[in-house]
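Residue numbers (the working numbering): 17 to 252.
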Amino acid sequence: MSPAQNHLIELLPRRDKARLLALCEPVPLVMSELLVEAGTPARHVYFPTEGFISLVARVDDHPGLEVGMVGREGMVGAPLAVGVTVSPLRALVQGPGSALRMGLAPFKRELVGCPPLKRLLDRYFYVLMAQLVSSAGCLRYHLIGPRLARWLLMTQDRAQADHFRVTHEFLAYMLGVRRVGVTTAASALQRQGLITYRRGALSVLDRPGLQAAACSCYAADCKVYAQQIGKTPAAA
Numbered sequence: 017m018s019p020a021q022n023h024l025i026e027l028l029p030r031r032d033k034a035r036l037l038a039l040c041e042p043v044p045l046v047m048s049e050l051l052v053e054a055g056t057p058a059r060h061v062y063f064p065t066e067g068f069i070s071l072v073a074r075v076d077d078h079p080g081l082e083v084g085m086v087g088r089e090g091m092v093g094a095p096l097a098v099g100v101t102v103s104p105l106r107a108l109v110q111g112p113g114s115a116l117r118m119g120l121a122p123f124k125r126e127l128v129g130c131p132p133l134k135r136l137l138d139r140y141f142y143v144l145m146a147q148l149v150s151s152a153g154c155l156r157y158h159l160i161g162p163r164l165a166r167w168l169l170m171t172q173d174r175a176q177a178d179h180f181r182v183t184h185e186f187l188a189y190m191l192g193v194r195r196v197g198v199t200t201a202a203s204a205l206q207r208q209g210l211i212t213y214r215r216g217a218l219s220v221l222d223r224p225g226l227q228a229a230a231c232s233c234y235a236a237d238c239k240v241y242a243q244q245i246g247k248t249p250a251a252a
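See below:
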């Protein structure tokens, strides 16, 4: 696989992209691997090229709740672009794949020495903040079914596939609901012919239909990304 398949890196001018790639090392993204722990100073930034990472918030002793997702359209470590080395969120691999990893010191130097990178990551930081705000409102005001459809679309975009594995337990964990709620919502999507879901294997059968079933947050997230960055890899 070419190392330049992260969308943010691809958008850089040729010389800046080549210099950045020379400072990165390819690493695997292993399922359930913790890339960043909340409240702990970051040592690296990650530019995914395959797979996806959940940004998870934890409150007291409650299970984590997914508030954001990063695939090859973005990066893990966005707070570093604005000078903050500690993230309030955990970054947990939920879709295995690969990434380009860069150490903290060279990344800081690039931010100073490469204005196009700094401008691009400032815009991406805004996109990520908009996604977090959207997720907060989605959790409070939208029903489980439309929220599940949104999550499946986001996952499909980043998995770059119509088929992926996901359990009821994991979906309940990510959406902050009970398993019975996930079962009911997934069954409804199956009856509509939008997905098939059996023993953890999920297939998206009708993406336009799934988009119609999703809450408005999915389209809003895509619109913000397009305005600030350009087309997502999935839409390109």
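A virtual CB, placed ideally from N, CA and C, is assigned to each residue, including glycine.
Beta-bridge partners assigned by DSSP to SER219: HIS179 and THR212. THR200: member of the alpha helix (DSSP H) spanning 195 to 207, first to last residue. Counting the other CB atoms within 10 Å of its CB gives VAL52 a total of 16 or more, which places it among the buried residues. Rounded to whole angstroms, ALA229 and PHE180 show a C-alpha spacing of 19 Å. Looking at the DSSP output, PHE63 shares a beta bridge with LEU116.
In this structure, DSSP gives ILE160 a helical state, which the three-state scheme calls helix. With respect to the 8 Å criterion, CYS231 and PRO162 are classified as neighbours on the basis of their beta carbons.
Nearest to GLN176 by alpha-carbon distance, out of LEU96, PHE68, LYS247 and ARG214, is PHE68.
Contact between GLY84 and LEU144 holds: their C-beta atoms lie close to 6 Å from each other, under 8 Å. For MET85, the uninterrupted beta strand (DSSP E) segment begins and ends at 81 to 86. When the five nearest sequence neighbours on each side are left out, the beta carbons in the same chain lying within less than 7 Å of the beta carbon of ASP178 are those of GLN172, SER219 and VAL220, in order along the chain.
Leaving aside the five residues that flank LEU81 on each side, the residues in its chain whose CB is nearer than 7 Å to its CB run, in chain order, VAL72, ALA73 and GLY192. Comparing C-alpha distances from PRO122 to each of ARG106, LEU96 and ARG139 shows the shortest one belongs to LEU96. Pairing GLY113 with THR183 gives a Cβ-Cβ distance that is not under 8 Å. In the pairwise beta carbon analysis, the region 206 to 213 is classified as not touching the region 93 to 110: fewer than three pairs are separated by under 8 Å.
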